[in-house]
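The numbering used here applies: residue 587 is where the sequence shown begins, and numbers increase by one.
Step one of this worksheet: look at the structure below.
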Amino acid sequence: MLVLDATATASALDYPTLIAGLRRIFAAGVTAPLRHAHGLPRAGEPDATLLMMPAWMGDGSHGGVKIVNVVPGNAKRGLPAVTASYLLFDETTGAHVALFDGAALTGRRTAAASALAASYLARSDARTLLVVGAGHVGSEIPAAYRAVLPIDKVLVWNPTPARAERLVANLGRQGIDAEARTDLEAAVGEADIISCATLSTAPLIKGDWLKPGQHLDLVGSFTPEMREADDQALARGRVFVDGPAAVIESGDIKGAMASGALKEIAGTLYDLCGDRVEGRRSAADITVFKSVGLAVEDLAAARVALAARRQD
Numbered sequence: 587m588l589v590l591d592a593t594a595t596a597s598a599l600d601y602p603t604l605i606a607g608l609r610r611i612f613a614a615g616v617t618a619p620l621r622h623a624h625g626l627p628r629a630g631e632p633d634a635t636l637l638m639m640p641a642w643m644g645d646g647s648h649g650g651v652k653i654v655n656v657v658p659g660n661a662k663r664g665l666p667a668v669t670a671s672y673l674l675f676d677e678t679t680g681a682h683v684a685l686f687d688g689a690a691l692t693g694r695r696t697a698a699a700s701a702l703a704a705s706y707l708a709r710s711d712a713r714t715l716l717v718v719g720a721g722h723v724g725s726e727i728p729a730a731y732r733a734v735l736p737i738d739k740v741l742v743w744n745p746t747p748a749r750a751e752r753l754v755a756n757l758g759r760q761g762i763d764a765e766a767r768t769d770l771e772a773a774v775g776e777a778d779i780i781s782c783a784t785l786s787t788a789p790l791i792k793g794d795w796l797k798p799g800q801h802l803d804l805v806g807s808f809t810p811e812m813r814e815a816d817d818q819a820l821a822r823g824r825v826f827v828d829g830p831a832a833v834i835e836s837g838d839i840k841g842a843m844a845s846g847a848l849k850e851i852a853g854t855l856y857d858l859c860g861d862r863v864e865g866r867r868s869a870a871d872i873t874v875f876k877s878v879g880l881a882v883e884d885l886a887a888a889r890v891a892l893a894a895r896r897q898d
């Protein structure tokens, strides 16, 4: 069985190839039951979450399952909030084919899914990206977006400014023009695209801050208790989701629907990639994409990584 650590997993997932793989799998459709989520109570810190995410192609080729531990309290320990592994298996025989570092795979497929959605929903001339949240996923978002759009400036905001500065320095070493911001409202006003990748339980982005033509990407809220944008932000935009699970799992979607601010979902990534719905309709549209992370994305990434290693 092939075993790839974090570095090897990431290096096997270049963004243009990964985004293309996601586009194909969303267009084709794959069997993916709703994730299994279990709360792990913690004393003196936010509760942890155990997630199990299976999917299979249905054509006898591959299936897989990801096991994820989300521990928000790790921020105080100086450790990653997410630990995960992904097991790819032969769908016909059940044989285990490969084991990938789940955090690396998750970070890259999450950023790639946001970029894939933006290829349909953001203005094609979008150049300034605001990243809200300087964690692992936030650090991946600029490269993913630059694979599909002419992004030439990245702004970074984080609740802890020092972490934003560290990400800016890292992006600079990659040759990306990046600047840290401490005023979130002002940063939103500068951006063509706002991408939020946080573990926030209270809205960070206010709908009153948004301006025509912007695209808002909400990555972080994967439980009903989590929010990254207020109801007004959801009300002002045409809202798309990665899949039906977002309506059940995300506080951003559930909260806005419960209040009546959000009346309908315009479509999913399945719809966009299958050309069943229209994405951006005009330069003045405000578009919103809410992802919760899907098992089909993990499976697509694992297959891309396996193919890359077999070509080495």
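Idealized CB from N, CA, C, for every residue including glycine.
### Message
I need the straight-line Cα distance from E811 to Q897, nearest angstrom please.
### Response
Translated into the one-based positions of the sequence shown, residue 811 becomes position 225. Translated into the one-based positions of the sequence shown, residue 897 becomes position 311. Each residue's alpha carbon lies about 43 Å from the other.
### Query
Can we count P745 as close to the ligand ATP, meaning its CB is less than 7 Å from some heavy atom?
Inclusion of the ligand ATP in the displayed structure is not the case, the ligand content being empty and no account of it being possible.
### Query
Based on Cα-Cα distance, which residue from I605, D711, A592, Y601 lies nearest to L855?
Numbered from its first residue, the sequence shown carries residue 855 at position 269. Considering only I605, D711, A592, Y601, the residue with the shortest C-alpha distance to L855 is I605.
### Query
With a Cβ-Cβ cutoff of 8 Å, do Q818 and D794 count as a contact?
The residue labelled residue 818 in the question sits at position 232 within the sequence shown. The residue labelled residue 794 in the question sits at position 208 within the sequence shown. For the pair Q818 and D794, the CB atoms are nearer than the 8 Å cut-off.
### Task
Would you decide whether T678 is buried or exposed? Buried here means 16 or more other CB atoms lie within 10 Å of its CB.
Taking the first residue of the sequence shown as position 1, residue 678 is located at position 92. Counting C-beta atoms within 10 angstroms of its own C-beta, T678 has fewer than 16 neighbours from the protein chains shown and is therefore classed as exposed.
### Length of the line joining the Cα atoms of T593 and L665
Translated into the one-based positions of the sequence shown, residue 593 becomes position 7. Translated into the one-based positions of the sequence shown, residue 665 becomes position 79. About 17 Å.
### Message
Between which two residues does the beta strand (DSSP E) holding A750 run?
### Response
In the sequence shown, counting from the first residue as 1, residue 750 sits at position 164. Going by DSSP, A750 is part of no beta strand (DSSP E) but of the alpha helix (DSSP H) stretching over 747-759.
### Message
Quick check on this structure: which residue in V882, R713, N744, F826 has the alpha carbon closest to the alpha carbon of R862?
### Response
For the purposes of this step, residue 862 is taken as residue 276 along the sequence shown, with counting starting at 1. The residue with the shortest Cα to Cα distance from R862 is F826.
### Query
Just the Cα atoms here: how many angstroms apart are D857 and Y706?
Along the sequence shown, one-based indexing puts residue 857 at 271. Along the sequence shown, one-based indexing puts residue 706 at 120. The alpha-carbon atoms of D857 and Y706 are separated by roughly 11 Å.
### Query
Under the DSSP definition of a beta bridge, which residues are partnered with P640?
One-based indexing of the sequence shown puts residue 640 at position 54. Per the DSSP secondary-structure output, P640 pairs in a beta bridge with V651.
### Query
Can you give the Cα-Cα distance for A623 and G846, rounded to whole angstroms?
On the sequence shown, position 37 is the one that residue 623 refers to. On the sequence shown, position 260 is the one that residue 846 refers to. Cα-Cα distance, rounded: 27 Å.
### Message
Let me check one thing: in DSSP terms, what residues is I762 bridge-paired to?
### Response
If you number the sequence shown from 1, residue 762 lands on position 176. Paired residues: none, contrary to the question.
### Task
Taking only the alpha-carbon atoms, compute the straight-line gap between S671 and L590 and give it to the nearest angstrom.
Position 85 of the sequence shown, counting from 1, holds the residue named residue 671. Position 4 of the sequence shown, counting from 1, holds the residue named residue 590. A straight line joining the alpha-carbon of S671 with that of L590 spans about 10 Å.
### Task
Report yes if the C-beta distance between A815 and V878 is below 8 Å; otherwise report no.
Here residue 815 refers to the residue found at position 229 when the sequence shown is read from its first residue. Here residue 878 refers to the residue found at position 292 when the sequence shown is read from its first residue. No, they are not a contact pair.
### Message
Applying the 10 Å Cβ sphere with the 16-neighbour rule, what's the burial state of P728?
### Response
For this step, residue 728 is matched to residue 142 along the sequence shown. Burial call: buried.
#### Entry: Residue from H801, V890, G841, E850 with nearest C-alpha to R867
Residue mapping note: residue 867 aligns to position 281 of the sequence shown, counting from 1. Of the listed residues, the one whose Cα sits closest to R867 is H801.
### Contacting residues, own chain, Cβ-Cβ under 8 Å from A891 (five flanking each side not counted)
If you number the sequence shown from 1, residue 891 lands on position 305. Hits under 8 Å: L590, T595, A598, L599, A684, F686, L691.
### Query
Anyone know if the C-beta pair for A730 and S700 falls short of 8 Å?
Walking along the sequence shown from the start, residue 730 turns up at place 144. Walking along the sequence shown from the start, residue 700 turns up at place 114. Cβ atoms of A730 and S700: closer than 8 Å.
#### Entry: Cβ-based burial, R824 [other Cβ within 10 Å; buried from 16]
Within the sequence shown, residue 824 is the residue found at index 238, counting from 1. It is buried - the Cβ of R824 has at least 16 other Cβ atoms within 10 Å.
### Query
Alpha carbon to alpha carbon, what distance is there between G865 and I872?
Along the sequence shown, one-based indexing puts residue 872 at 286. Along the sequence shown, one-based indexing puts residue 865 at 279. Whole-angstrom Cα-Cα distance: 11 Å.
### Query
Nearest CA to the CA of G693: which residue from R895, D884, L735?
Residue 693 sits at position 107 when you count from the first residue of the sequence shown. Of the listed residues, the one whose Cα sits closest to G693 is D884.
### Message
Since G837 and R813 should fall inside the 8 Å C-beta cutoff, what is the C-beta to C-beta distance between them, to a whole number of angstroms?
### Response
Start at 1 with the first residue of the sequence shown, and residue 837 comes out as number 251. Start at 1 with the first residue of the sequence shown, and residue 813 comes out as number 227. Contact annotation, G837 with R813: C-beta distance approximately 5 Å; criterion of less than 8 Å satisfied.
### Query
Which value, in whole angstroms, describes the spacing of the CA atoms of P564 and R749?
Outside the modelled stretch of the chain, which goes from 587 to 898, sits residue 564, for which no answer is possible.
### Message
On a Cα-Cα basis, can you pick out the residue from G659, A821, V717 that is closest to V774?
### Response
Position 188 of the sequence shown, counting from 1, holds the residue named residue 774. Cα-wise, what sits closest to V774 is V717.
### Message
Which runs of the alpha helix (DSSP H) at least 4 residues long sit entirely within the region 810-894? Give them in chain order.
### Response
Whole alpha helix (DSSP H) segments, 4+ residues: 817-822, 831-835, 837-845, 855-859.
### Task
Could you name the residues that DSSP lists as bridge partners for A670?
Position 84 of the sequence shown, counting from 1, holds the residue named residue 670. Paired residues: V654.
### Task
Going by DSSP, name the residue or residues bridged to T714.
The residue given as residue 714 occupies position 128 in the sequence shown. According to DSSP, which records beta bridges pairwise, T714 is partnered with K739.
### Task
Determine the direct distance from the alpha carbon of N655 to that of S647, and round the result to whole angstroms.
Stepping through the sequence shown from its first residue, residue 647 is reached at position 61. Stepping through the sequence shown from its first residue, residue 655 is reached at position 69. In a straight line, the C-alpha of S647 is about 27 Å away from that of N655.
### Query
With a Cβ-Cβ cutoff of 8 Å, do V616 and G644 count as a contact?
Looking up residue 616 in the sequence shown gives position 30. Looking up residue 644 in the sequence shown gives position 58. Yes, the Cβ-Cβ distance between V616 and G644 is below 8 Å.
#### Entry: Nearest-angstrom beta carbon gap, L757 and V740 [assumed within contact, 8 Å]
Walking along the sequence shown from the start, residue 740 turns up at place 154. Walking along the sequence shown from the start, residue 757 turns up at place 171. Contact between V740 and L757 holds: CB atoms are separated by about 6 Å, below the 8 Å threshold.
### Task
Kindly indicate which residue of A788, T784, T787, P798 has the alpha-carbon position closest to the one of A777.
Here residue 777 refers to the residue found at position 191 when the sequence shown is read from its first residue. Nearest of A788, T784, T787, P798 to A777, Cα basis: P798.
### Message
Can you look up L590 in the DSSP assignment and give me helix, strand or coil?
### Response
Position 4 of the sequence shown, counting from 1, holds the residue named residue 590. In the structure shown, L590 falls within a strand segment according to DSSP collapsed to helix, strand and coil.
#### Entry: Reference V668, options L620, A755, A634, V742, closest by Cα
On the sequence shown, residue 668 is found 82 positions in, with the first residue counted as 1. With distances taken between Cα atoms, V668 lies closest to A634.
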